[in-house]
Amino acid sequence: MPAAFPTISKIKFEGPKSRNPLAFKHYNAKEVVAGKTMHDHLRFAVVYWHTFRGTGSDPFGAGTMQRPWDDGSNTVANAQNRARVAFEFIEKLGAPYYCWHDRDVAPEGATLGESNKNFDAVAGVLKEEQQRTGVKLLWGTANLFSNPRFVHGASTSCNADVFAFAAAQVKKAMEVTHELGGEGYTFWGGREGYQTLLNTDMKREQAHLARLLHLAVAYKKQIGFKGQFYIEPKPKEPTKHQYDSDAAACLNFLREYDLLPHFKLNIETNHATLAGHSMQHELEVAGAAKALGSIDANTGDELLGWDTDQFPTNIYLTTYTMLSVLKYGGFTTGGVNFDAKVRRESFEPLDLFYAHIGGMDAFARGLKIAAAIHKDGRLAEFVKQRYASWDTGIGKKIESGKATMKEIEAYILKQGEVAPNTSGRQEYLENLINEFI
Ligand code: XLS
Ligand code: NI
Ligand code: NI
């Protein structure tokens with residue numbers, strides 16, 4: 003098979019002074035930052051869906067992407083060829099991981115049996131390519147949203163047969179993930195929500211979603227799959243409201259249905275924004291619950307209200323992201339997964355390289371800056387001092403649950419008025435961050 007990117011060789015680290023657009027300026031895989039290589043900190047992954055299946059179509063126009071290796075047919079042969087191209091790309095880029103939905107990699111057949119056969123045929127090539135290149139599967143997932151059968155949801159559909167179809171699809175996607183040595187498996191509830199409450203039994207739908215997840219937990223044990231399960235919050239789009247709407251809603255759902263020990267969260271930047279939160283907020287909510295698993299790295303456009311899935315290039319964003327990731331101990335099974343797509347106007351194959359190189363460099367800088375801020379220690383020390391009143395006296399007693407209402411009242415009656423003791427110093431802290439950017 004001829005190379006799909008014949009003019010591009012392996013992307014190298016050339017340092018910040020380089021003016022080569024096909025080189026890393028900051029991502030140096032082997033460089034050690036805060037005790038670990040950048041490779042091990044960031045665990046970059048390329049997504050199959052946007053990068054190899056994205057056509058550039060939008061509601062107003064057809065696809066624009068030039069993908070000369072793709073013959074446009076919905077055949078297994080084309081899918082197998084595409085898989086080899088994907089690995090040429092990932093290998094040249096130097097990303098250690100990739101992620102897929104079942105239907106990204108192989109064509110859907112007329113029946114589930116046929117789809118499974120197609121999936122196996124392409125998975126064979128994926129396995130060969132993983133072995134040839136050393137690229138690994140960060141996570142797999144099932145596409146339970148594109149096919150019209152999922153119009154009312156998958157596990158939350160009003161039709162029990164649709165639930166059964168979705169469950170069977172998840173079973174197969176878990177098996178293939180396991181077969182390919184996947185380090186995780188993700189659930190994103192694309193249509194698990196509602197368009198109108200007038201026709202919706204929310205309680206029942208949520209219980210059905212939990213049922214699917216419990217079935218998956220049981221099946222995981224049965225097949226000996228050791229990978230991490232993730233749930234990926236997103237508030238809306240395609241539905242008006244999705245049950246996994248943000249990190250807090252996901253945690254509450256998992257807790258309510260006794261699923262919390264089996265799941266971590268996969269936090270996506272653009273989904274955070276759609277939920278009216280910052281990425282940092284979502285990471286802190288997940289981290290505080292010990293459920294920060296992985297991230298889908300992208301960014302939205304502040305002037306557009308939908309999931310634009312752009313490549314992340316904003317250094318503040320990557321810095322705040324890595325500050326939280328480092329604070330909660332870094333990635334173990336998860337990584338930085340570029341769930342991002344090149345713009346419709348960026349239609350040449352070369353743009354795929356520029357996009358990923360830019361994202362990887364932005365995260366490498368974010369990592370270095372965040373590590374320097376942690377090492378400096380002033381930020382953490384400020385936060386610690388801000389809560390110092392909780393470390394002794396009445397604060398300590400309340401925090402440890404040893405103080406009664408009566409004692410607290412007696413204490414404050416003696417105290418008289420309480421003064422706001424220290425400034426929040428937001429501007430001082432923002433300036434401190436800028437010292438490192
Ligand atoms: C869509 C989601 C999706 C998940 C995987 O908005 O981000 O791509 O990551 O199903
Ligand atoms: Ni995503
Ligand atoms: Ni998304």
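Taking my numbering as reference, the numbering of the sequence shown is continuous, increasing by one, and the terminal residue is 439. Note that CB positions come from ideal geometry on N, CA and C, so glycine has one too.
Whole-angstrom C-beta distance between residue j and residue i, which should lie under 8 angstroms
{"i": "L253", "j": "A293", "result": "6 angstroms"}
{"i": "A364", "j": "P422", "result": "Contact doesn't hold; Cβ gap of about 38 angstroms is too wide."}
{"i": "E270", "j": "N300", "result": "7 angstroms"}
{"i": "L211", "j": "S157", "result": "5 angstroms"}
{"i": "T320", "j": "G368", "result": "3 angstroms"}
{"i": "A48", "j": "L95", "result": "Reading off the sequence shown, one finds Val at residue 48, where the question assumed Ala. Confirmed, about 7 angstroms."}
Beta carbon proximity, residue i to chain B, threshold 7 angstroms
{"i": "F265", "result": "The displayed structure is made up of one protein chain only, and chain B is not part of it."}
Distance cut-off 6 angstroms: residue i Cβ against heavy atoms of ligand 2
{"i": "E270", "result": "yes"}
{"i": "D393", "result": "no"}
{"i": "D311", "result": "no"}
{"i": "D298", "result": "yes"}
{"i": "D106", "result": "no"}
{"i": "D248", "result": "no"}
{"i": "D60", "result": "no"}
Same chain only: Cβ atoms within 6 angstroms of residue i, ignoring 5 sequence neighbours per side
{"i": "L256", "result": "L262 and F265"}
{"i": "A125", "result": "V178"}
Outcome for residue i when other beta-carbon atoms lying within 10 angstroms are tallied against a minimum of 16
{"i": "A288", "result": "buried"}
{"i": "R427", "result": "exposed"}
{"i": "K370", "result": "buried"}
{"i": "V137", "result": "buried"}
{"i": "P8", "result": "exposed"}
{"i": "D393", "result": "exposed"}
{"i": "S11", "result": "exposed"}
{"i": "K343", "result": "buried"}
{"i": "L215", "result": "buried"}
{"i": "E258", "result": "exposed"}
{"i": "T143", "result": "buried"}
{"i": "I410", "result": "exposed"}
{"i": "W308", "result": "exposed"}
{"i": "N120", "result": "buried"}
{"i": "Q68", "result": "exposed"}
{"i": "V34", "result": "exposed"}
{"i": "T406", "result": "exposed"}
{"i": "I440", "result": "No answer is possible for residue 440: it lies beyond the span of the chain, which begins at 3 and ends at 439."}
{"i": "S20", "result": "exposed"}
{"i": "I303", "result": "Going by the sequence as given, residue 303 is Asp instead of Ile. Flag for D303 reads exposed."}
{"i": "K205", "result": "exposed"}
Sequence-distant residues of its chain with Cβ nearer than 7 angstroms to residue i (five each side left out)
{"i": "G397", "result": "S391"}
{"i": "R388", "result": "T424"}
Heavy atom of ligand 1 within 6 angstroms of residue i beta-carbon
{"i": "W190", "result": "yes"}
{"i": "T143", "result": "yes"}
{"i": "E110", "result": "no"}
{"i": "E2", "result": "Outside the displayed range of the chain (3 to 439) lies residue 2, so it cannot be described from this structure."}
Where the alpha helix (DSSP H) through residue i begins and ends
{"i": "A291", "result": "Taken as a continuous stretch (DSSP letters only), A291 belongs to no alpha helix (DSSP H), as it is neither H nor E."}
{"i": "N80", "result": "V78 to L95"}
{"i": "H210", "result": "M204 to I225"}
{"i": "H103", "result": "Not the alpha helix (DSSP H): H103 falls in the beta strand (DSSP E), residues Y99 to H103."}
{"i": "N387", "result": "In the sequence on display, residue 387 carries Gln and not Asn. Residues R380 to R388."}
{"i": "L319", "result": "I317 to K329"}
{"i": "F255", "result": "A249 to E258"}
{"i": "Q133", "result": "L114 to T135"}
Extent of the continuous beta strand (DSSP E) to which residue i belongs
{"i": "K266", "result": "F265 to E270"}
Close-in-space but distant-in-sequence residues of the same chain around residue i (CB under 8 angstroms, 5 per side omitted)
{"i": "A366", "result": "F26, H28, Y29, N30, M40 and L44"}
Proximity test, residue i beta-carbon vs ligand 5 heavy atom, cut-off 6 angstroms
{"i": "D341", "result": "Within the structure as shown, ligand 5 is missing, the only ligands being ligand 1, ligand 2 and ligand 3."}
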